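Numbering (the numbering used here), first residue to last: 77 to 407.
See the structure below:
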C-alpha cells in the first residue's frame, strides 16, 4: 500500500496550528492535561468501535480510547477548572479521505458553561488557528469534486436539526410515528428500510440529504438534536418537543467537531449505557461494561460545556488539502 506523507511545508504548518491551539486555550485560562490512552472501559456508542488489547492480566481487557472524555470528566470531579488536551485517539474504522483509525482530537471542558458557550469558543479556536496559518479561505474537495471555498471573514451559521431537515429533506424528524418517518424519508429520496429503527432512518437522511449541504456557503453549527441522538448531552424542553443540547460544526461540508451541554445525571447516563448495549447486542457486536468511575463522578460536574475538534480535519480545511493522509504521519 502506497503511504502518503505530508510535505515539510505541511509539517511546519501543522506545528504552527498546534502552537495556535495551545496559545488560544492558555490565554483563556485553561490547563493542558494528558490522560491515559488505554483504560479498562471505553465509549459504549454502538457506532464507534474501540481497539481492544490486554495487559499483564489477560482476563482484564484494556481499550484504546476513542476520546479522552471519560477521563476528563473523572478528573473534573476532583479539579473543577477549565482543561484541554491535544489527544491521540483510536477508532476501529476504515481509512478514507476523512478517516484514520488513529488521529488527533482537541478536546476541552469548561465548568459553568453550556453548549452555546462552547460554540462561541469553537468559533474562536477555528479563527485563531486560521489566523496563525494565514488562511484567507477554508477549502475542501472532500465532499464535492468541484470543491468548496469559504472566505474566512464569513459569519458562522447556527441551524437547528429540525430547521436543517425541513430545509434540505422537506420534513421535521420530531414527533413522527415510525410509519410517517419511514414514508417521509423515502419521499426525500433516502433508501431506508421499514425494519430500521427511527434513529437509523434519521441518520440515513442526515447523511444522504442534510450533511452534504451543511457548511457550504459559510461555517454551520448544527444544533438541538433529537433526544435519541443525545449521546452524553443534556436533554431539555424546546418549544413543543425536547432536544439534546448538542452541536456539530460543518466546514466546507466536513464535520469538524461534536460538543454538548454535558449530562450530569448518573442514573440517566446508566440508562443510556443500557440502551447502547441493547443496540450493540442487536447489531451482534461486543457489549461493554459501564464506567463506574465516570458514573460516580457525574454528580460533581455541575453545569459543564465540552467539545472535541478533529484537529486533522480542521488543518485540512485551513490548508485546502483533501486527503487526511497528507496532514498526518502514517508510518
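Ideal placement from N, C-alpha and C gives every residue a C-beta, glycine not left out.
Note that the coordinates shown come from a computational prediction; the quantities given were computed from them, not determined experimentally.
Query - residue 124 versus residue 168: straight-line alpha-carbon distance, rounded - result: Position 48 of the chain shown holds residue 124. Position 92 of the chain shown holds residue 168. Going from the Cα of residue 124 to the Cα of residue 168 covers about 7 Å.
Report task. State yes or no: is the C-beta of residue 198 within less than 8 Å of the C-beta of residue 300? Result -> Position 122 of the chain shown holds residue 198. Position 224 of the chain shown holds residue 300. Not closer than 8 Å, so no.
Requested in this report: Take the Cβ of residue 254 as the centre, count every other Cβ of all protein chains shown within 10 Å, and call the residue buried at 16 or more, exposed below.
Outcome: Working through the chain shown from its first residue, we reach residue 254 at position 178. With fewer than 16 Cβ atoms within 10 Å of its Cβ, residue 254 is classed as exposed.
Query - Own chain residues within Cβ distance below 6 Å of residue 275, not counting five before or after - result: Locating residue 275 in the chain shown gives position 199, where the first residue counts as 1. Excluding sequence neighbours, residue 275 sits near 304.
Report task. Identify, in the order they occur along the chain, each residue of the same chain with its Cβ nearer than 8 Å to the Cβ of residue 330, setting aside the five sequence neighbours on each side. Result -> As a first step, residue 330 is located in the chain shown; it is residue number 254 there, counting from the start. Within the same chain, residue 330 has close Cβ partners 174, 216, 218, 219, 291, 389, 392 and 393.
Requested in this report: Return helix, strand or coil for residue 86, following the three-state DSSP convention.
Outcome: Here residue 86 refers to the residue found at position 10 when the chain shown is read from its first residue. Three-state DSSP puts residue 86 in a helix.
Query - Cβ shell of residue 296 (< 6 Å), same chain only, five flanking positions each side left out - result: The residue labelled residue 296 in the question sits at position 220 within the chain shown. These residues qualify, in order along the chain: 233, 235, 290 and 326.
**Report entry** CB of residue 116 within 8 Å of CB of residue 140, strictly
**Finding:** Reading the chain shown from its first residue, position 40 is the one you call residue 116. Reading the chain shown from its first residue, position 64 is the one you call residue 140. No.
Query raised in the report: When the distance is taken between beta carbons, is residue 183 closer than 8 Å to residue 148?
Result: Taking the first residue of the chain shown as position 1, residue 148 is located at position 72. Taking the first residue of the chain shown as position 1, residue 183 is located at position 107. Yes.
Requested in this report: Would you be able to state if there are at least three C-beta pairs under 8 Å between the stretch 306-318 and the stretch 356-366?
Outcome: no
Report task. In angstroms with no decimal places, state the Cα-to-Cα distance between residue 85 and residue 209. Result -> Here residue 85 refers to the residue found at position 9 when the chain shown is read from its first residue. Here residue 209 refers to the residue found at position 133 when the chain shown is read from its first residue. So the alpha carbons of these two residues sit roughly 12 Å apart.
Query raised in the report: Alpha carbon to alpha carbon, what distance is there between residue 298 and residue 231?
Result: Here residue 231 is taken as the residue at index 155 of the chain shown, counted from 1. Here residue 298 is taken as the residue at index 222 of the chain shown, counted from 1. In a straight line, the C-alpha of residue 231 is about 14 Å away from that of residue 298.
Report task. Please say whether residue 386 and residue 179 have beta carbons closer to each other than 8 Å? Result -> As a first step, residue 179 is located in the chain shown; it is residue number 103 there, counting from the start. As a first step, residue 386 is located in the chain shown; it is residue number 310 there, counting from the start. Contact: yes.
Report task. Just mark residue 317 as buried or exposed, buried being the case when its beta carbon has 16 or more other beta carbons within 10 Å. Result -> Within the chain shown, residue 317 is the residue found at index 241, counting from 1. Its Cβ having fewer than 16 others within 10 Å, residue 317 is exposed.
Query raised in the report: Can you list, in chain order, the residues of its chain whose CB lies under 6 Å from that of residue 101, leaving out five sequence neighbours each side?
Result: For the purposes of this step, residue 101 is taken as the residue at position 25 of the chain shown. These residues qualify, in order along the chain: 160.
Query raised in the report: Would you call residue 381 buried or exposed, if buried means 16 or more other Cβ atoms sit within 10 Å of its Cβ?
Result: Position 305 of the chain shown, counted from the first residue, corresponds to residue 381. The residue in question, residue 381, is buried, as its Cβ has 16 or more Cβ neighbours within 10 Å.
Query raised in the report: How close, in whole Å, do the beta carbons of residue 349 and residue 195 come, if the pair is a contact with beta carbons under 8 Å?
Result: As a position in the chain shown, residue 349 is number 273, starting the count at 1. As a position in the chain shown, residue 195 is number 119, starting the count at 1. Between residue 195 and residue 349 the Cβ distance is about 27 Å, and since that is not below 8 Å, they are no contact.
Query raised in the report: What is the DSSP secondary structure of residue 295, reduced to helix, strand or coil?
Result: Start at 1 with the first residue of the chain shown, and residue 295 comes out as number 219. Residue 295: coil per DSSP, three-state reduction.
Report task. Determine the burial state of residue 407: buried for a count of at least 16 other Cβ atoms within 10 Å of its Cβ, exposed for fewer. Result -> Locating residue 407 in the chain shown gives position 331, where the first residue counts as 1. Answer is exposed; the Cβ neighbour count stays below 16.
Query - Reference residue 114, options 105, 130 and 99, closest by Cα - result: Taking the first residue of the chain shown as position 1, residue 114 is located at position 38. Out of 105, 130 and 99, 130 has the C-alpha closest to the C-alpha of residue 114.
Query - Contacting residues, own chain, Cβ-Cβ under 6 Å from residue 261 (five flanking each side not counted) - result: As a first step, residue 261 is located in the chain shown; it is residue number 185 there, counting from the start. 268, 277 and 281.
Requested in this report: Below 6 Å CB to CB, which residues in the same chain sit around residue 270 once its five sequence neighbours on both sides are set aside?
Outcome: The count along the chain shown starts at 1 and reaches residue 270 at position 194. Around residue 270: 258.
**Report entry** Pairwise C-alpha distance: residue 192 and residue 240
**Finding:** Reading the chain shown from its first residue, position 164 is the one you call residue 240. Reading the chain shown from its first residue, position 116 is the one you call residue 192. Distance between the alpha carbons of residue 240 and residue 192 is about 18 Å.
Requested in this report: Alpha carbon to alpha carbon, how far is residue 320 from residue 251? Give it in angstroms, no decimals.
Outcome: Position 175 of the chain shown holds residue 251. Position 244 of the chain shown holds residue 320. Rounded to the nearest angstrom, the two C-alpha atoms are 14 Å apart.
Report task. Report the three-state DSSP secondary structure of residue 149 (helix, strand or coil). Result -> Position 73 of the chain shown holds residue 149. Here residue 149 sits in helix by DSSP.
Report task. Using DSSP bridges, identify the partner residues of residue 179. Result -> Position 103 of the chain shown, counting from 1, holds the residue named residue 179. Answer is 165, bridged to residue 179.
Query raised in the report: Thinking C-alpha only, which one of 133, 207, 122 and 118 is nearest residue 166?
Result: Along the chain shown, read from residue 1 onward, the residue named residue 166 stands at position 90. Answer by Cα proximity: 118.
Query raised in the report: For residue 186, which three-state DSSP category applies?
Result: Locating residue 186 in the chain shown gives position 110, counting from the first residue. Looking at residue 186 - three-state DSSP - the assignment turns out to be strand.
Query - N-terminal and C-terminal residue of the alpha helix (DSSP H) that residue 387 is part of - result: Here residue 387 refers to the residue found at position 311 of the chain shown. First-last of the alpha helix (DSSP H) with residue 387: 387-395.
Query raised in the report: Does DSSP put residue 325 in a helix, a strand or coil?
Result: Counted from its first residue, the chain shown places residue 325 at position 249. Three-state DSSP puts residue 325 in a strand.
**Report entry** Secondary structure, alpha helix (DSSP H): runs of 4+ residues fully inside the stretch 322-388
**Finding:** 342-359 and 368-373
Query raised in the report: Which residue's Cα is closest to the Cα of residue 188: 226, 157 and 228?
Result: Your numbering for residue 188 matches position 112 in the chain shown. Closest option to residue 188, Cα to Cα, is 157.
Query raised in the report: So which of 355, 201, 354 and 145 has the shortest CA-CA distance to residue 374?
Result: As a working note, residue 374 is residue 298 in the chain shown. Comparing Cα-Cα distances from residue 374 to each of 355, 201, 354 and 145, the minimum goes to 145.
Query raised in the report: Taking the C-alpha atoms as reference points, what is the distance between residue 186 and residue 92?
Result: Here the question's residue 186 lines up with position 110 in the chain shown. Here the question's residue 92 lines up with position 16 in the chain shown. Those two C-alpha atoms are separated by around 24 Å.
Requested in this report: Going by DSSP, name the residue or residues bridged to residue 225.
Outcome: Working through the chain shown from its first residue, we reach residue 225 at position 149. Beta-bridge pairing links residue 225 to 215.
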